[in-house]
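Novice:
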Amino acid sequence: MHAAIEFFGDFFYLLLDTLRAIGPALSSGRGRHLAWRNLWIQMNRIGVESIPIVALVMFCIGAILAMQIAPELAQFGIVPPTADVVALATFREMGPLVSAVVMTGFGGAAIAAEIGTMVVGEEIEAMEALAIDPIRFLVVPRVLAGLLMMVCLTVVGDLAAMFGGLVASALLLHLGSMQYTHHALAILKVGDFVTGLIKAGVFGVLITAIACFMGLKVRGGAEGVGLNTSKTVVFTIVALILVDLIFTSVFFYLGV
Amino acid sequence: MPEPLIQLRGINKHFGDRMIYRDLQLDIFPGETLVIMGGSGSGKSTLLRVLMGHIKIDSGQVLIRGRSLDDMDRRELDSWRKSVGVLFQTGALFNSMTLRENLALPVREHTDLDDQTIDLMVQIYLQLVGLREHIDKLPAELSGGMKKRGGLARALMMQPRILFYDEPTAGLDPISTAQIDELIMNLKDKMGTTSVVVTHDMQSAFKLADRLALLFDGKFAAVGSVEYFRTTADPLVRQFIDGRLDGPFVNPSDQCSYKAELLGRKIQEVPHGKKTT
Chain A
2 MHAAIEFFGD FFYLLLDTLR AIGPALSSGR GRHLAWRNLW IQMNRIGVES
52 IPIVALVMFC IGAILAMQIA PELAQFGIVP PTADVVALAT FREMGPLVSA
102 VVMTGFGGAA IAAEIGTMVV GEEIEAMEAL AIDPIRFLVV PRVLAGLLMM
152 VCLTVVGDLA AMFGGLVASA LLLHLGSMQY THHALAILKV GDFVTGLIKA
202 GVFGVLITAI ACFMGLKVRG GAEGVGLNTS KTVVFTIVAL ILVDLIFTSV
252 FFYLGV
Chain B
3 MPEPLIQLRG INKHFGDRMI YRDLQLDIFP GETLVIMGGS GSGKSTLLRV
53 LMGHIKIDSG QVLIRGRSLD DMDRRELDSW RKSVGVLFQT GALFNSMTLR
103 ENLALPVREH TDLDDQTIDL MVQIYLQLVG LREHIDKLPA ELSGGMKKRG
153 GLARALMMQP RILFYDEPTA GLDPISTAQI DELIMNLKDK MGTTSVVVTH
203 DMQSAFKLAD RLALLFDGKF AAVGSVEYFR TTADPLVRQF IDGRLDGPFV
253 NPSDQCSYKA ELLGRKIQEV PHGKKTT
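Protein chains in written order, with my numbering: chain A, 2 to 257; chain B, 3 to 279.
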């Protein structure tokens, strides 16, 4: 119990320190261009390289959703609302969540392993000895990149899923693409899009912050790196689902 | 006698149940090269981490020019760290960066110098350690000795007045060892740096030191000049320097109750490592 409180306490402090360090990292003269360069590198590594996988996975999920739902709706003689269900499920839930899971496997694990290896190789200590704050130099660019790229990935994922649903509907359900698009656009409200993106941003912070935290907590050489990398994936997926539940409950309560 | 630059006053430190220091006392004077020796696991490298403020002590005081490390705020601690260059055991170069980027990093972070000037500095310091032709290599492409020399060049980039060396010659061949020793001596002669060298390489220790200190059982068992260490009859110092197996010196790693575990009895330790059951 004591260890769990300490663990969450440490994570909370890391988030707090990261929040405090964001401003100075991006605005102060000291090392400013390094922070921006680091942010750019991380956005590329965490986000851009995940785009093809997110697009592929979400395309498949869109198609799967359409094929799962259409037979049920066909029983009532209404196939076109398939697009409504695919759109709502994707924009409110599947888009942010599945993109986040892909980013966890792709970026989260890589961040934890990279920072963990730096801990083992005395690089973090060397950084502190050079009076360079590892939170400002390592954590801030990764967390900001996570936030920004998760939002971008979710938009890509949402569109890919809608396209997957459209292809499945056109090929297998004989639902016209115009009809599909019309239905999807009619049912979607700005709120559906925005709530999905808010969730995505929080997921991005969560994925990268947990990965950095677990990386910095590595002890005991290569074995420690491996252990904390796999723990990162497990902890992050559990955290994503719990936070998703909280968000959905709040949005449900607020009627958004 | 000049005022000490660094004073250790009654330092106590435990890692869990394991005692690292008990009432540790030491003064480090400006301009001197102090070599700290001791067995594996005796807390030599930890002491450098304590001096850098990376590890908190249980009790006691680390005074830097009379100011306690504990009383320093983040800005003061950063300023202290910037004034110290540290050479880590492995060199601790950042693996994702080339040598050029590694050396440029601290200067870019802490000064407003333009890139051209920084690059010039990088080349000068790499020339000093004999690595200029490897400037665009990643650490993975360098040998152990080259990594250490690269780490030393990076430590020098902020032109520190104080240098900490953590096992600078461990694992190196005799030629590389001589190169590193030569560098350390040159730095002292040309820049007048204060150096703290942690090592158990006796040849290097005698070559580099103005004073030596032997860490044993959480305390400095002996602190003195090279001459003192060469001539003393203290059995503990003699055993360590001569590398004999029999004597009072016991490595902390050997003190675990191996016999007790085998025999199911507790073996009590007495000072200077003599064991009684």
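Idealized CB from N, CA, C, for every residue including glycine.
Bear in mind the structure is a predicted one, so any value in this text is a computation, not a measurement.
Kindly indicate the opening and closing residues of the alpha helix (DSSP H) around T113 of chain B.
Specialist: Where T113 of chain B is concerned, there is no enclosing alpha helix (DSSP H), given that its DSSP letter is neither H nor E.
Novice: Rounding to the nearest angstrom, what Cα-Cα distance links F13 of chain A and L20 of chain A in this structure?
Specialist: F13 of chain A and L20 of chain A: Cα-Cα distance of roughly 11 Å.
Novice: Starting from F236 of chain A, trace the alpha helix (DSSP H) in both directions and tell me its first and last residue.
Specialist: Segment 222-255, the alpha helix (DSSP H) holding F236 of chain A.
Novice: Just the chain A side, please: which residues come within less than 7 Å of M204 of chain B by C-beta, in chain order?
Specialist: Within chain A, no residue comes near M204 of chain B; the closest Cβ sits about 25 Å away, beyond 7 Å.
Novice: Below 8 Å between beta carbons: does that hold for T196 of chain B and D183 of chain B?
Specialist: No, Cβ-Cβ distance for T196 of chain B and D183 of chain B is not below 8 Å.
Novice: Give the range of the beta strand (DSSP E) segment to which S61 of chain B is assigned.
Specialist: Run containing S61 of chain B: 61-66, per the beta strand (DSSP E) assignment.
Novice: With 16 other CB atoms within 10 Å as the buried threshold, where does M23 of chain B fall?
Specialist: The amino acid at residue 23 of chain B is misidentified as Met; the sequence shows Tyr. Its Cβ being crowded by 16 or more others within 10 Å, Y23 of chain B is buried.
Novice: Give the secondary structure of G192 of chain A by DSSP, where H, G and I count as helix, E and B as strand, and everything else as coil.
Specialist: It is helical.
Novice: Give the DSSP-derived three-state secondary structure of V219 of chain A in the structure shown.
Specialist: V219 of chain A: coil per DSSP, three-state reduction.
Novice: First and last residue of the beta strand (DSSP E) that includes G147 of chain B?
Specialist: Segment 146-158 is the alpha helix (DSSP H) holding G147 of chain B; no beta strand (DSSP E) there.
Novice: Would the beta-carbon of L128 of chain B fall within 8 Å of that of L144 of chain B?
Specialist: Taking 8 Å as the Cβ cut-off, L128 of chain B and L144 of chain B do not qualify as a contacting pair.
Novice: Does the stretch 208-217 of chain A come close enough to the stretch 140-159 of chain A that 3 or more CB-CB pairs lie under 8 Å?
Specialist: The answer is yes - the stretch 208-217 of chain A touches the stretch 140-159 of chain A, with three or more Cβ pairs under 8 Å.
Novice: For G122 of chain A, return the contacting residues in chain B, with the cut-off set at a CB-CB distance below 8 Å.
Specialist: The contacting residues are T92, A94, N97.
Novice: State the DSSP-derived secondary structure class of I112 of chain A, mapped to helix, strand or coil.
Specialist: In this structure, I112 of chain A counts as helix in the three-state DSSP scheme.
Novice: Per the DSSP calculation, T35 of chain B is bridged to which residue(s)?
Specialist: Note: T35 of chain B sits in a beta bridge opposite B:S197.
Novice: Can you tell me whether R76 of chain B is buried or exposed? The criterion is at least 16 other CB atoms within 10 Å of its CB, across all chains shown.
Specialist: Exposed, because fewer than 16 other Cβ atoms sit within 10 Å of the Cβ of R76 of chain B.
Novice: Name, in chain order, the residues that DSSP records as bridge partners for N1 of chain B.
Specialist: The structure shown does not extend to residue 1 of chain B, since chain B spans only 3 to 279, so no value can be given for it.
Novice: Going along chain B, which residues have a C-beta under 9 Å from E126 of chain A?
Specialist: Going along chain B in sequence order, the residues near E126 of chain A (Cβ under 9 Å) are R51, M54, H56, V88, F90, A94.
Novice: Checking the sheet assignment: what are the DSSP bridge partners for M21 of chain B?
Specialist: DSSP output for M21 of chain B lists B:H16 as bridge partner(s).
Novice: For the alpha helix (DSSP H) containing K209 of chain B, list its first residue and its last residue.
Specialist: Element bounds for K209 of chain B: 204-210.
Novice: Label S227 of chain B either buried or exposed according to how many other C-beta atoms from any shown protein chain fall within 10 Å of its C-beta, with 16 as the threshold for buried.
Specialist: That one is exposed.
Novice: Output needed in chain order: residues of the stretch 102-117 of chain B with a Cβ under 8 Å from some Cβ in chain A.
Specialist: Flagged, chain order: L107, P108, R110, E111, H112, D114.
Novice: Mind pulling the chain B residues with CB within less than 8 Å of A26 of chain A?
Specialist: Going along chain B, no residue has its Cβ under 8 Å from A26 of chain A, so there is no contact; the nearest lies around 11 Å.
Novice: Nearest-angstrom Cα distance between V102 of chain A and M95 of chain A?
Specialist: Distance between the alpha carbons of V102 of chain A and M95 of chain A: 10 Å.
Novice: Which residues in the same chain have their Cβ closer than 8 Å to the Cβ of W37 of chain A, if we skip the five residues on either side of it in sequence?
Specialist: Within the same chain, W37 of chain A has close Cβ partners L27.
Novice: On the three-state DSSP scale, how would you describe I8 of chain B?
Specialist: Three-state result, I8 of chain B: strand.
Novice: For M193 of chain B, count neighbouring C-beta atoms within 10 Å of its own C-beta (all shown protein chains included) and say buried if the count is 16 or more, exposed if not.
Specialist: Its Cβ having fewer than 16 others within 10 Å, M193 of chain B is exposed.
Novice: List, in chain order, every chain A residue whose beta-carbon is nearer than 7 Å to that of K84 of chain B.
Specialist: By Cβ distance, chain A contributes A132.
Novice: Quick one: residues in its chain with C-beta nearer than 6 Å to the C-beta of A67 of chain A, no 5 flanking neighbours on either side, listed in chain order?
Specialist: Here the set comprises T83, V87, G166, A169, S170.
Novice: Helix, strand or coil: how does DSSP classify K139 of chain B here?
Specialist: Residue state, collapsed to three classes: coil.
Novice: For G122 of chain A, which of helix, strand or coil comes out of DSSP?
Specialist: Three-state DSSP puts G122 of chain A in coil, outside helix and strand.
Novice: I want to see whether chain A comes within less than 8 Å of D19 of chain B, judged by CB atoms only; does it?
Specialist: So no, D19 of chain B is outside the interface.
Novice: Classify H202 of chain B: buried if its beta carbon has 16 or more other beta carbons within 10 angstroms, exposed otherwise.
Specialist: Buried is the call here.
Novice: Please say whether R163 of chain B and S85 of chain B have beta carbons closer to each other than 8 Å?
Specialist: Result yes, Cβ atoms of S85 of chain B and R163 of chain B sit closer than 8 Å.
Novice: Leaving out the 5 sequence neighbours to the left and right, which residues in its chain are closer than 7 Å to R110 of chain B when beta-carbon positions are compared?
Specialist: Counting only Cβ-Cβ distances below 7 Å, and skipping sequence neighbours, we find I120.
Novice: Considering Cα atoms alone, identify which of B:V37, B:K139, B:G153, B:I57 is closest to G289 of chain B.
Specialist: Outside the shown range of chain B (3 to 279) lies residue 289 of chain B, about which nothing can therefore be said.
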